[in-house]
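**Q** Quick one: structure below, then a few questions.
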Ligand SMILES: [Mg+2]
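Numbering (our numbering), first residue to last: 7 to 238.
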């Protein structure tokens, strides 16, 4: 009997707030947007604007995730709803959104240790990126930082037609990497989508708990990407 060929393990990463600091970029971009539209925001404090945006954006992404709204609706409401919440003219949503998108991409930064973690993972396994989010935005981040130097596979929810925590997107990632029985690790910062989704799909989840928030159930976690090395 021929021995089974050794299949390299899969090391897949979430993108936002695991490799790229989305949270800080979002806040920086909203700060610039708030300042650029001073006449519109008038007496509204930046912190109130940011909170209204995040609250509405979270709800819209949830609705998009379960399929009750489509992408154009999400895009149209993303800035209009928080403006309306604060008693401002929602018609300014388009201009505010344009400012935001311009500033958002300028504010992208890699999270400390991202390149080293990808480099090390690529030496011992097959590296991929598995992300929810819009195709052009996520591909632009990967291109900006040259993450395809390490990531041989990029699996995006829009391409697959399913979002984390759905098993479908994790299965699509395993298949894209050639399938077969092998170790599959997934690193992400969200317990609800990354850890729960990966685990249910038979991947070994590692929570990137950068701010030490903890998790509702026991899970292997790191607080710095440099701590991933021994786990690979
Ligand atoms: Mg994330």
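Just so it is clear, CB atoms sit at the ideal spot from N, CA and C, and this is done for glycine as well.
This one's a predicted model, so the numbers in the text were calculated from it and none came from an experiment.
Nearest-angstrom Cα distance between residue 36 and residue 110?
**A** Going by the C-alpha atoms only, they are around 8 Å apart.
**Q** For residue 242, does the count of other Cβ atoms within 10 angstroms reach 16, so buried, or fall short, so exposed?
**A** Absent from the model: residue 242. The displayed extent of the chain is 7 to 238, so no value can be given.
**Q** Let me check understanding here. Comparing Cα to Cα, which of 203, 152, 218 and 133 lies closest to residue 18?
**A** The candidate whose alpha carbon is nearest that of residue 18 is 133.
**Q** For residue 80, which residues in the same chain have their Cβ closer than 6 Å to its Cβ, ignoring the five residues on either side in sequence?
**A** Taken in chain order, the residues that qualify are 66 and 70.
**Q** Looking at the secondary structure, which residues open and close the beta strand (DSSP E) in which residue 137 lies?
**A** Unbroken beta strand (DSSP E) run through residue 137: 132-137.
**Q** Identify the continuous beta strand (DSSP E) that holds residue 16 and give its terminal residues.
**A** From DSSP, the beta strand (DSSP E) with residue 16 extends over 16-19.
**Q** Would you check whether ligand 1 has a heavy atom nearer than 8 Å to the C-beta of residue 21?
**A** Flag set: Cβ of residue 21 near ligand 1.
**Q** What number of angstroms, rounded off, separates the C-alpha of residue 100 from the C-alpha of residue 82?
**A** Taking the straight line joining both Cα atoms gives about 8 Å.
**Q** Bridge partners for residue 190 per DSSP, in chain order?
**A** Paired residues: 16.
**Q** Taking a contact to mean a Cβ-Cβ separation below 9 Å, would you say residue 200 touches residue 117 in this structure?
**A** In this structure, residue 117 does not lie closer than 9 Å to residue 200 by Cβ.
**Q** How about residue 229: is its Cβ closer than 8 Å to a heavy atom in ligand 1?
**A** False, no ligand heavy atom lies under 8 Å from that Cβ.
**Q** Three Cβ pairs or more, each shorter than 8 Å: is that satisfied between the stretch 202-212 and the stretch 183-190?
**A** In short, these stretches touch, since the Cβ pair count reaches three.
**Q** Helix, strand or coil: how does DSSP classify residue 211 here?
**A** Strand.
**Q** Take the Cβ of residue 236 as the centre, count every other Cβ of all protein chains shown within 10 Å, and call the residue buried at 16 or more, exposed below.
**A** Exposed, by the Cβ-count rule.
**Q** Excluding the five sequence neighbours on either side, which residues of its own chain have a C-beta within less than 6 Å of the C-beta of residue 46, listed in chain order?
**A** Only 98 meet the Cβ criterion.
**Q** Is it buried or exposed for residue 108, if we count other Cβ within 10 angstroms and need 16 for buried?
**A** Exposed.
**Q** If you draw a straight line from the alpha carbon of residue 214 to that of residue 231, how long is it in whole angstroms?
**A** Taking the straight line joining both Cα atoms gives about 7 Å.
**Q** Taking residue 160 as part of the beta strand (DSSP E), name the residues at either end of that continuous run.
**A** Element bounds for residue 160: 157-162.
**Q** Considering only residues of the same chain and omitting the five flanking positions on each side of residue 174, which have a CB-CB separation below 7 Å?
**A** Closer than 7 Å at Cβ, skipping near neighbours: 166 and 168.
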